[in-house]
Amino acid sequence: MKFQELIGLAVFDVEKGKAIGKINDVHISEDWKIQAMELEGKGLFSSSVKSVSWEDILAYGEDAVMIRNQQAVRKTEADDIQFTYLLGKNKLKDLSVLTEDGVLLGKVSDVYFDQEMGNTILGLEISDGFVSDLMEGRKWLPLAQDMSIGKNAIMVPSRSEERLEKTIHSVNG
């Protein structure tokens with residue numbers, strides 16, 4: 001599953017069967033684990049967001065995310081969020097992916113994770129630009145132990161270019 005597929009999914013309270021909101025973003029730790037899912041509805045001048053910790057998510061699928069009850073929704077201060085996928089000051093989307101020897105592989109277009117493996121991120125979908133995406137397709141870079149998220153780029157090992165694989169998904173922006 002990809003993060004882009006999570007954005008916009010409805011979140012339901014299993015105890016009451018009540019719709020809580022929609023997924024707005026995904027919070028990620030620097031060791032490449034999903035920490036929480038951010039919900040829509042940040043206040044205009046607020047420095048906090050509504051989020052649901054990964055541990056409080058009972059299940060998720062292609063149509064909805066299920067949480068036990070409304071108490072799972074918490075306010076999270078923006079300063080306490082390490083990285084996000086789509087929004088915020090430390091977002092992965094569109095971040096450059098550079099090898100340690102200075103080769104630009106492209107920019108992050110999506111993040112893959114495995115529903116069976118919990119909050120483990122498997123790899124990055126990398127775009128080389130619109131025309132290249134249409135001609136050659138996007139690339140997938142499996143996550144490696146020595147990949148790190150920086151302020152302006154994701155740094156990957158020198159031989160990462162050889163590990164790039166074509167994605168089997170269509171280009172969907």
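83 is the number that the working numbering gives to position 83 of the sequence shown; each next residue is one higher, with no gaps.
Even glycine gets a Cβ: it sits at the ideal position worked out from N, Cα and C.
Fair warning: this is a prediction, and the values are worked out from it, not measured in the lab.
Just the Cα atoms here: how many angstroms apart are residue 46 and residue 6? On the sequence shown, position 46 is the one that residue 46 refers to. On the sequence shown, position 6 is the one that residue 6 refers to. Each residue's CA atom was taken as its position, placing residue 46 and residue 6 some 24 Å apart.
Please go through the same chain and pick out, in chain order, the residues whose beta-carbon is closer than 8 Å to the beta-carbon of residue 175, but skip the five residues on each side of it. No answer is possible for residue 175: it lies beyond the span of the chain, which begins at 1 and ends at 173.
In terms of residues, what are the limits of the alpha helix (DSSP H) holding residue 92? Walking along the sequence shown from the start, residue 92 turns up at place 92. That residue, residue 92, is in no alpha helix (DSSP H); it is neither H nor E in DSSP.
Tell me the rounded alpha-carbon separation between residue 157 and residue 79. Within the sequence shown, numbered from 1, the residue matching residue 157 stands at position 157. Within the sequence shown, numbered from 1, the residue matching residue 79 stands at position 79. Answer to the nearest angstrom: the Cα atoms are 29 Å apart.
Among the residues of its own chain, which have a CB less than 7 Å from the CB of residue 100, if the five just before and after it don't count? For this step, residue 100 is matched to residue 100 along the sequence shown. Once the five neighbours on either side are set aside, the close Cβ partners of residue 100 are 155, 157, 158.
Among residues of its own chain, excluding the 5 on either side of residue 151, which ones have a beta-carbon nearer than 8 Å to its beta-carbon? On the sequence shown, residue 151 is found 151 positions in, with the first residue counted as 1. So the list reads 90, once near-sequence residues are dropped.
Cut-off 8 Å between Cβ atoms - residues of its own chain near residue 126, not counting five sequence neighbours on either side: Position 126 of the sequence shown, counted from the start, is the residue given in the question as residue 126. 97, 105, 106, 107, 108, 109, 138, 139, 140, 141, 164.
Using only the alpha-carbon positions, how far apart do residue 48 and residue 136 sit? Looking up residue 48 in the sequence shown gives position 48. Looking up residue 136 in the sequence shown gives position 136. When rounded, the distance between both Cα atoms is 40 Å.
Ends of the alpha helix (DSSP H) at residue 4? On the sequence shown, position 4 is the one that residue 4 refers to. Unbroken alpha helix (DSSP H) run through residue 4: 3-6.
Around the C-beta of residue 92, are 16 or more other C-beta atoms found within 10 angstroms, so that it is buried, or is it exposed? Working through the sequence shown from its first residue, we reach residue 92 at position 92. Buried, because 16 or more other Cβ atoms sit within 10 Å of the Cβ of residue 92.
Whose C-beta lies closer than 8 Å to the C-beta of residue 68 among residues of the same chain, with five residues either side of it excluded? Here residue 68 is taken as the residue at index 68 of the sequence shown, counted from 1. Short of 8 Å from the beta carbon of residue 68, and not among the five residues preceding or following it, lie these beta carbons of its own chain, in chain order: 13, 14, 15, 56, 58.
Start and end residues, beta strand (DSSP E) containing residue 159: As a working mapping, residue 159 is identified with position 159 in the sequence shown. Run containing residue 159: none; DSSP gives neither H nor E here.
Nearest-angstrom Cα distance between residue 123 and residue 143? Here the question's residue 123 lines up with position 123 in the sequence shown. Here the question's residue 143 lines up with position 143 in the sequence shown. Each residue's Cα considered, the two are about 4 Å apart.
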